[in-house]
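Residue numbers (my numbering): 239 to 443.
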């Protein structure tokens, strides 16, 4: 116990009383967050400057129109897979190949690229084609206004959250915002404890 007290006393006298310790204690968590967030932000900024070239190969002629405009991607539609699409000096990031009727053969779809295909492109392709295939399947039933009926059935119920005060009156609240704030606060506390623990460990050693 005496050794622990000596360590605490020494740390207080040599570190805690210094202005630099207080400044580092307050800034260190934000520095950690900045180090983690900066590469992500830079990658997004880089991607937003120029639309990425994507080739859509659709010999069926049924699905190319299903792709909604997106500022991230510049689409080139063709019915034949030409050699220049997958050449070593190709400007295309990826090639989307549709090889048949997706409503009957959902695996007749592939996305190829010289590098790993990015998740946002996969989501973009799958979401647009899912909607197109859904419309095709609904048309096969030949039921009038079936699309309207299904869309109406898919509406989700959304609950708004409130808090009541001491007088029992409801006030609007945001559970999602509270969770985000709680998570951010927890992360800052964790980073503070970790950084201070490293400083203490270095002082002891």
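Backbone N, C-alpha and C fix where the C-beta goes; we use that ideal spot for every residue, glycine too.
Query, Result
"From what residue to what residue does the alpha helix (DSSP H) around residue 376 run?", "357-378"
"Return the CA-CA distance between residue 289 and residue 315, expressed in angstroms with no decimal places.", "15 angstroms"
"Output the boundary residues of the beta strand (DSSP E) element that contains residue 335.", "332-336"
"Is there a C-beta anywhere in chain B that falls below 8 angstroms from the one on residue 241?", "This model lacks chain B altogether, as it is built from one protein chain only."
"Taking three-plus beta-carbon pairs below 8 angstroms as touching, is the region 294-305 in contact with the region 361-374?", "yes"
"Here's a check: name, in chain order, each residue in its chain whose Cβ is nearer than 7 angstroms to the Cβ of residue 270, leaving out the five neighbours to either side.", "429"
"I need the straight-line Cα distance from residue 350 to residue 273, nearest angstrom please.", "32 angstroms"
"Examine the Cβ distances between the region 292-300 and the region 328-347 and report whether three or more of them are shorter than 8 angstroms.", "yes"
"Among all the DSSP beta bridges, which residues are the ones paired with residue 313?", "292"
"Taking the alpha carbon of residue 423 as the point to measure from, which residue in 247, 261, 267, 243 has its own alpha carbon closest?", "267"
"Using beta-carbon positions only, say whether residue 291 and residue 321 come within less than 8 angstroms of one another.", "no"
"Can you give me the C-alpha to C-alpha distance between residue 361 and residue 347, rounded to a whole angstrom?", "13 angstroms"
"Look at the Cβ atom of residue 323, then the Cβ atom of residue 293, and state whether they are nearer than 8 angstroms.", "yes"
"By alpha-carbon positions, which one of 433, 381, 331, 421 ends up nearest to residue 355?", "331"
"Assuming residue 376 and residue 385 are in contact, meaning their beta carbons sit under 8 angstroms apart, how far apart are those beta carbons, in whole angstroms?", "5 angstroms"
"DSSP three-state call for residue 351: helix, strand or coil?", "strand"
"For residue 321, name the three-state secondary structure that DSSP assigns.", "helix"
"Taking only the alpha-carbon atoms, compute the straight-line gap between residue 435 and residue 418 and give it to the nearest angstrom.", "26 angstroms"
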